[in-house]
C-alpha cells in the first residue's frame with residue numbers, strides 16, 4: 003500500500019513539474035515575441051521621424067510633385083495612428099507607406115540635382131539602414147511567432163495553452179505586390195550589350211555534329227530548325243607557269259615575275275617558282 007502511494011505521489015509530482023515547465027515556456031515565448039515586436043516598433047518610429055525631413059528635402063527641388071508628397075504624409079499619419087492595432091493591421095499600413103516611399107524615390111530619379119544634394123543622400127542612407135533593420139527584426143519576430151503558435155497547436159502542450167488561455171500571435175508580414183512579383187527574364191537578350199545585336203536564339207530542329215550557322219532565309223528546314231551547312235573547301239587555283247629562263251613574253255601580256263637568271267627549270271612534279279624565298 004505504501005508503494006502504491008509513493009508511485010501515485012511521484013506521478014503527480016512529475017505531472018506538476020511538466021505542467022510548470024510547459025507553462026513557464028509559454029510565458030517565456032510570449033515575452034520573447036513582445037520583446038522582438040518592441041524592437042520593430044523602435045525602428046518604425048525612427049522611420050516615421052526620417053520621412054518628414056526626407057519629404058521636405060525633396061519638396062525643395064521638386065515642388066510640382068505635390069501629389070506624391072501628400073500621399074506619403076497621409077500614409078505616414080495613418081501608420082502612426084494604428085500603433086495600438088494588431089500586427090496584421092500594422093503590417094498593412096506599413097506596406098502602403100513603403101509603396102508610397104518607393105514611388106517618391108522613383109520620382110526623384112528624374113531630378114539629378116536632388117541626387118547630388120548631401121542632405122538628401124544622408125537621409126536616404128539612414129532610411130535604407132532603417133529599412134534593413136526593420137526587415138531583420140521582422141524575420142526574428144516571425145520566427146518566434148512560428149515557434150509559439152506551433153506549441154499552441156501541438157499535443158500535449160495544446161492542453162495547457164487551452165487551459166491557461168494562451169492565444170496564437172499574429173505575423174508581421176508586409177504584403178507588397180511589387181516585392182513579391184516574379185521578375186520576367188528574356189533569354190533571347192542574355193549576353194547582349196547595348197548597341198550590339200543580341201545572340202541568335204536556337205530553336206529545336208535537326209541536330210548535327212557539323213557546324214551550326216544562324217538560320218537565314220531560304221535555309222529553314224521543315225521542322226523550323228537549323229540545317230547543317232557544310233564547309234566549302236577552298237579550290238586550288240593553278241598559278242600561271244613562268245616562261246623558261248631567258249624567254250620572251252608575248253606582246254600584250256602583263257609582265258609577270260619569273261625565276262632569277264640562271265636558275266634551273268622546275269622538274270616534273272615540283273611546284274613552279276613563285277618568287278618567294
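Residue numbers (our numbering): 3 to 279.
For glycine and all other residues, C-beta sits at the position ideal for the given N, C-alpha and C.
Are three or more beta carbon pairs between the segment 92 to 103 and the segment 63 to 77 nearer than 8 Å?
-> yes
Can you tell me the Cα-Cα spacing of residue 173 and residue 90, whole angstroms?
-> Taking the first residue of the chain shown as position 1, residue 173 is located at position 171. Taking the first residue of the chain shown as position 1, residue 90 is located at position 88. Their backbone Cα atoms lie some 7 Å apart in a straight line.
Tell me the start and end of each unbroken alpha helix (DSSP H) in the segment 81 to 115 that is at least 4 residues and wholly inside, in chain order.
-> 89 to 110
Helix, strand or coil for residue 148, going by three-state DSSP, please let me know.
-> Here residue 148 refers to the residue found at position 146 of the chain shown. Helix.
Using the C-alpha atoms, what's the distance from residue 153 back to residue 99?
-> Numbered from 1 along the chain shown, position 97 holds the residue referred to as residue 99. Numbered from 1 along the chain shown, position 151 holds the residue referred to as residue 153. Their Cα atoms are separated by approximately 34 Å.
Residue 176 (DSSP reduced to helix, strand or coil) = The sequence position of residue 176 within the chain shown is 174, counting from 1. If DSSP states are grouped into helix, strand and coil, residue 176 belongs with coil.
Nearest-angstrom Cα separation, counted from residue 21 out to residue 8 = Translated into the one-based positions of the chain shown, residue 8 becomes position 6. Translated into the one-based positions of the chain shown, residue 21 becomes position 19. Distance between the alpha carbons of residue 8 and residue 21: 20 Å.
Given residue 35, which residues of its chain have a CB within under 8 Å of its CB, disregarding the five upstream and five downstream residues?
-> Here residue 35 corresponds to residue number 33 of the chain shown, with the count starting at 1. Taken in chain order, the residues that qualify are 143, 146, 147, 150 and 171.
Residue 171 (DSSP reduced to helix, strand or coil) | Position 169 of the chain shown, counting from 1, holds the residue named residue 171. Three-state result, residue 171: coil.
Using the beta-carbon count (16 or more within 10 Å), is residue 92 buried or exposed?
-> Position 90 of the chain shown holds residue 92. Residue 92 comes out buried.
Local conformation of residue 298 per DSSP, three classes | Nothing in the structure corresponds to residue 298, since the chain is present only between 3 and 279.
So, is residue 156 buried or exposed, given that buried needs 16 or more other C-beta atoms within 10 angstroms?
-> Looking up residue 156 in the chain shown gives position 154. Exposed, because fewer than 16 other Cβ atoms sit within 10 Å of the Cβ of residue 156.
List the whole-angstrom C-beta distance separating residue 60 from residue 116, where the pair is believed to meet the contact cut-off of C-beta under 8 Å.
-> Here the question's residue 60 lines up with position 58 in the chain shown. Here the question's residue 116 lines up with position 114 in the chain shown. Sure, about 6 Å apart at Cβ, within 8 Å.
How about residue 25 and residue 136: do their beta carbons lie closer than 8 Å?
-> On the chain shown, position 23 is the one that residue 25 refers to. On the chain shown, position 134 is the one that residue 136 refers to. The answer is no: Cβ separation not under 8 Å.
Helix, strand or coil for residue 58, going by three-state DSSP, please let me know.
-> Translated into the one-based positions of the chain shown, residue 58 becomes position 56. Three-state DSSP puts residue 58 in a helix.
Under the rule that 16 or more other beta-carbon atoms within 10 Å means buried, what is residue 125, buried or exposed?
-> Against the chain shown, residue 125 aligns to sequence position 123. When all chains shown are included, residue 125 counts as buried.
According to the Cβ coordinates, are residue 81 and residue 96 closer than 8 Å?
-> On the chain shown, residue 81 is found 79 positions in, with the first residue counted as 1. On the chain shown, residue 96 is found 94 positions in, with the first residue counted as 1. Contact flag set, yes.
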